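Quick note: the sequence shown uses full-length UniProt numbering, first residue 1, plus one each step.
Cβ coordinates follow ideal geometry from the N, Cα and C atoms, glycine included.
Source: prediction; values computed, not measured.
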Amino acid sequence: MTCTDGSFIDRWVNHMDGATKLIEVRGPEQLSRQEGLELFTQLRAQVSISRIYQERYSSSVFTKLAEDAHLDQNPDEQVLHQLSIVINRLTDFCAHLKNGYIVKPTEIIRKALKIDADLVSLMISVPPLWEYATVNVPILDGKPIMQGFWGDNYHIYHTISASTIWNNYRSARIIIQELIIDTIRDLDTLTNDDIGSPQRSYLINQARQTVLQMVEDICASVPYILGMEIKDSGHLKVSALGASIAHGVNMKAALSSFQVTGAGGLTIMWPLLVAADSEVAGSELRIWITACLDKIGHSMGINQALAMSKLIQDGVESRAFLSPDYRAQPYKL
């Protein structure tokens with residue numbers, strides 16, 4: 001994870017492939033040990049993201065292990081594994097598209113909407129452990145008094161794991177919605193199709209609204225992940241981050257006070273990249289996201305975060321830099 005040269009993408013992909021093979025070799029026995037289950041859980045999301053962006057199929061062994069882990073877990077943790085199973089379907093769906101097994105636009109859109117609906121259905125009702133609170137940013141004279149936040153609210157989660165679940169869900173929905181948008185746009189080149197103009201406009205508008213909401217929610221999770229926590233009493237405990245932003249310092253000063261945790265920094269990098277790569281992300285949001293990634297990179301020594309920041313600044317799309325053509329010419333920091 002601390003790649004120091006321009007081949008960080010190759011290294012990361014190889015790291016994910018190696019992790020997948022290691023977990024496959026260990027088999028179902030690893031799930032009977034807490035440390036093995038935790039390792040499997042931590043790696044699963046990153047492996048899925050890697051394969052989605054490379055348009056590769058999910059590992060059948062990995063999928064079976066996810067199903068076994070789901071059966072063995074208590075109800076509070078099963079949502080994590082159910083989410084993984086749905087995201088694996090998205091992984092295989094993207095691979096099908098690349099290999100030309102699904103080509104009809106209406107079929108692509110229907111299948112994408114079905115996966116999206118299953119994601120929404122899964123997260124409609126989650127155990128209390130995975131719930132989060134939305135807090136409005138204080139306003140004074142019509143202006144927010146807290147700097148360094150994106151938008152007018154932020155989230156408070158019970159744990160980093162809870163924020164990770166939600167951000168994986170949001171990232172998956174962004175990928176699905178933008179796939180729908182791209183498919184509908186491709187219809188403009190066809191003279192005959194099964195989707196009329198009104199339906200196209202409706203689907204695109206709905207998809208854009210969903211992407212916008214998911215991006216805003218990812219950004220709203222950042223203050224908690226990079227500096228805020230909840231006391232056992234349930235009251236918000238504000239760290240040095242809260243103290244600095246409450247006095248209205250500028251964004252860079254606020255971000256410099258973020259107390260980045262190892263787990264938090266690692267889990268938010270890819271959702272931030274997905275958010276920055278979305279079509280709803282304007283220049284100001286991209287600047288804010290690059291500042292967050294820079295903070296993670298400098299605080300934790302994760303050059304991957306710094307490289308992601310540089311990619312965003314240079315306008316390189318995430319799908320592009322995980323493609324074989326792009327990886328043949330590694331990006332230089």
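For residue i and residue j, what's the separation of their Cα atoms in angstroms?
i	j	result
Y154	I225	11 Å
V108	I180	With the sequence shown as reference, residue 108 is identified as Ile, and Val is not the correct amino acid for it. Looking at the two C-alpha atoms, the distance is approximately 8 Å.
L266	Q54	20 Å
W270	I115	21 Å
V103	S221	36 Å
S58	G27	16 Å
S48	D182	21 Å
R11	D17	10 Å
I139	I124	30 Å
E216	G315	20 Å
S121	M300	36 Å
A66	L119	16 Å
F62	R200	37 Å
Q129	S197	According to the sequence displayed, residue 129 carries Leu and not Gln. Each residue's alpha carbon lies about 43 Å from the other.
D277	N14	23 Å
F93	S283	31 Å
I52	A95	8 Å
N250	I85	Summary for N250: the model assigns pLDDT 45, below 50, so the residue's position carries little reliability; its value from the coordinates is reported in the next sentence. Cα to Cα, the separation comes out at about 42 Å.
G36	Q30	5 Å
A207	H298	35 Å
I23	V280	37 Å
L83	Y101	24 Å
residue 342	I268	Nothing about residue 342 can be reported from this structure: the residues present for the chain run from 1 to 333 only.
Q34	A133	29 Å
L241	D68	Confidence at L241 is low in this model, with a pLDDT of 34, below 50, so its placement is unreliable and the value that follows should be read with caution. Rounded to the nearest angstrom, the two C-alpha atoms are 40 Å apart.
Going by C-alpha to C-alpha distance, which of the options sits closest to residue i?
i	options	result
I87	Y169, L179, T210, K310	Y169
S163	Q206, P28, V126	V126
G227	Y157, E178, E284, Q209	Y157
P223	A291, I176, V211, T183	A291
R110	I176, T91, F62, N14	I176
L152	N167, I165, W166, V135	Checking the sequence, you will find Asp at residue 152 rather than Leu. Of the listed residues, the one whose Cα sits closest to D152 is V135.
K64	R89, P105, H298	R89
L43	R56, R33, K21, A117	K21
L293	I287, S309, L285, R286	S309
A172	E131, R56, A275	A275
L285	S161, I165, G148, I302	G148
R185	I174, N205, Y132	N205
I289	G264, I218, I302	I218
L272	T159, D188, W150, L187	W150
I165	T91, G264, S32	G264
W79	V211, S161, L187, M214	With the sequence shown as reference, residue 79 is identified as Val, and Trp is not the correct amino acid for it. The option with the nearest alpha carbon to V79 is S161.
Would you call residue i buried or exposed, if buried means 16 or more other Cβ atoms sit within 10 Å of its Cβ?
i	result
H295	Just to set this straight, residue 295 is Lys in the shown sequence, not His. Counting Cβ neighbours within 10 Å, K295 comes out buried, since at least 16 surround it.
K231	Because K231 sits at a pLDDT of 36, beneath the cut-off of 50, its placement in the model cannot be relied upon, and the point is left open.
A112	buried
Y202	exposed
L311	buried
D5	Note that D5 has pLDDT 46, beneath the 50 cutoff, so the model's placement of it is unreliable and the number below is only indicative. With fewer than 16 other Cβ atoms within 10 Å, it is exposed.
Q209	exposed
E178	buried
D76	exposed
A45	buried
A19	buried
T41	buried
Q304	buried
V25	exposed
T106	exposed
A307	buried
N167	buried
S50	buried
I302	buried
In terms of residue numbering, what span does the beta strand (DSSP E) encompassing residue i cover?
i	result
A133	132-136
I156	153-157
How would you write the range of the alpha helix (DSSP H) that residue i sits in, first residue to last?
i	result
H81	75-98
K104	Per DSSP, K104 belongs to no alpha helix (DSSP H) and is neither H nor E.
W150	Where W150 is concerned, there is no enclosing alpha helix (DSSP H), given that its DSSP letter is neither H nor E.
S221	197-225
Q313	303-313
G282	G282 -> no alpha helix (DSSP H), and no H or E assigned at all.
Q177	160-187
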